[in-house]
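Colleague: Got a structure for you, questions after.
Number of protein chains: 2
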Amino acid sequence: MRPYTCGLDAAADVIGGKWKPRILWALHHGPMRFGELRREIQGVTEKMLIQQLRELEARGIVHREVFHQVPPKVEYSLTELGMSLNVALMPLDEWGAKHMDVLEASR
Amino acid sequence: MRPYTCGLDAAADVIGGKWKPRILWALHHGPMRFGELRREIQGVTEKMLIQQLRELEARGIVHREVFHQVPPKVEYSLTELGMSLNVALMPLDEWGAKHMDVLEASR
DNA sequence: ACAAGTACCCACTAAATAGTCAGGTACTGA
DNA sequence: TCAGTACCTGACTATTTAGTGGGTACTTGT
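Protein sequence lines correspond, in order, to chains A and B.
FYI, full-length UniProt numbering numbers position 17 of the first sequence as 17, with every residue one higher than the one before it.
FYI, full-length UniProt numbering numbers position 46 of the second sequence as 46, with every residue one higher than the one before it.
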């Protein structure tokens with residue numbers, strides 16, 4: 001595991017993963033339950049969603065809160081760090097949105 | 001190949017790949033030859049570097065210019081689109097740099 | 001003659017990542 | 001009792017991504 005060579009390198013490592021950007025995007029508007037996330041991010045399997053959420057949790061990006069209820073309720077939200085990450089991601093989102101057509105065409 | 005759901009999704013697809021952020025970072029200061037890039041981005045293999053460069057070229061992010069000389073010379077540089085991407089990546093780089101210590105610790 | 005530098009390509013393997021499917025608990029409502 | 005919801009876990013497979021080691025063609029330096 002080589003050390004990060006620049007901030008971008010470190011950030012890429014955190015958001016790398018097929019579903020992480022979508023998760024971050026979904027959580028932008030507030031806390032969400034597991035099931036809500038699953039419905040929101042269509043195409044993701046339960047397993048992958050859990051896996052990616054756990055990774056983001058381990059990195060301190062998302063917070064996982066279990067409510068001891070029946071049926072069970074688990075809420076995921078962005079931490080302070082997660083929110084600051086999302087802020088840093090905004091220009092990138094705008095860039096992607098702006099050039100969406102060209103990008104769609106070239107893949 | 002699902003359509004992009006948001007700009008972030010599209011952008012992540014473009015910069016996704018083990019070496020792409022490093023390449024973008026390296027080209028930030030101007031055009032570079034293949035060999036220079038290889039030396040700059042230590043740890044990358046020739047094959048991966050070529051592969052990722054080709055992908056970035058196909059996406060319109062980098063420009064490849066061949067000089068018909070012996071020994072051969074090929075120069076890679078950022079296109080307008082590539083430069084705008086790099087600008088959008090700057091906050092992310094800063095975020096990564098700022099939280100480098102926490103991020104290093106949690107992997 | 002021969003190694004070294006330049007910018008690659010190709011076949012193959014290994015590792016990382018993602019997906020499928022079956023299960024498991026602790027309930028609620030019919 | 002039986003289906004249904006919510007939130008998972010673990011075994012296994014498939015796909016994608018990355019790495020290894022070889023080869024090309026040509027020239028300059030020793």
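Ideal placement from N, C-alpha and C gives every residue a C-beta, glycine not left out.
All values derive from a computational prediction rather than experimental measurement.
From the beta carbon of E104/B, is the nearest beta carbon of chain A less than 8 Å away?
Modeller: yes
Colleague: With a 10 Å radius around its C-beta and 16 neighbouring C-beta atoms as the bar for buried, classify D101/A as buried or exposed.
Modeller: exposed
Colleague: For a contact defined as C-beta to C-beta under 7 Å, what are the partners of H99/B on chain A?
Modeller: L81
Colleague: Please classify V14/A: does DSSP put it in a helix, a strand, or coil?
Modeller: helix
Colleague: Could you tell me the alpha carbon to alpha carbon distance between K47/A and R33/B, rounded to whole angstroms?
Modeller: Using only the alpha carbons, I get a separation of about 43 Å.
Colleague: Check each candidate in Q69/A, V74/A and F67/A and name the one with the smallest Cα separation from L53/A.
Modeller: V74/A
Colleague: According to DSSP, what are the bridge partners of L78/B?
Modeller: V62/B
Colleague: Report yes or no: do three or more beta-carbon pairs, one from the region 62-70 of chain B and one from the region 19-35 of chain A, lie closer than 8 Å?
Modeller: With the cut-off at 8 Å, the region 62-70 of chain B and the region 19-35 of chain A do not touch.
Colleague: Taking R83/B as the reference, which of A105/B, A97/B, R59/B and L103/B has the closest Cα?
Modeller: Going by the sequence as given, residue 83/B is Met instead of Arg. It is R59/B.
Colleague: Can you have a look at A88/A and say buried or exposed, based on whether 16 or more other CB atoms are within 10 angstroms of its CB?
Modeller: buried
Colleague: Against chain B, does Y4/A count as a neighbour if the rule is that its beta carbon must be under 8 Å from one of theirs?
Modeller: yes
Colleague: By the 10 Å Cβ neighbour count, where 16 or more other Cβ atoms means buried, how is G96/A classified, buried or exposed?
Modeller: buried
Colleague: Rounding to the nearest angstrom, what Cα-Cα distance links R38/B and L56/B in this structure?
Modeller: 16 Å
Colleague: Ignore the nearest five residues each way along the sequence and tell me which others in E40/B's own chain have a CB closer than 6 Å to its CB.
Modeller: A26
Colleague: I'd like to know whether the C-beta of V14/B is nearer than 8 Å to at least one C-beta of chain A.
Modeller: yes
Colleague: In the DSSP assignment, what are the bridge partners of R39/B?
Modeller: Beta-bridge pairing links R39/B to no other residue.
Colleague: Does any CB atom of chain A fall closer than 8 Å to the CB of R22/B?
Modeller: yes
Colleague: Can you name, in chain order, every residue of its own chain whose Cβ lies under 6 Å from the Cβ of V66/A, other than the five neighbours on each side?
Modeller: V74
Colleague: Look up R33/B in the DSSP assignment and give the residues it is bridged to.
Modeller: E75/B
Colleague: Consider the Cβ of E94/A: report whether some Cβ of chain B lies at a distance smaller than 8 Å.
Modeller: Closer than 8 Å: yes.
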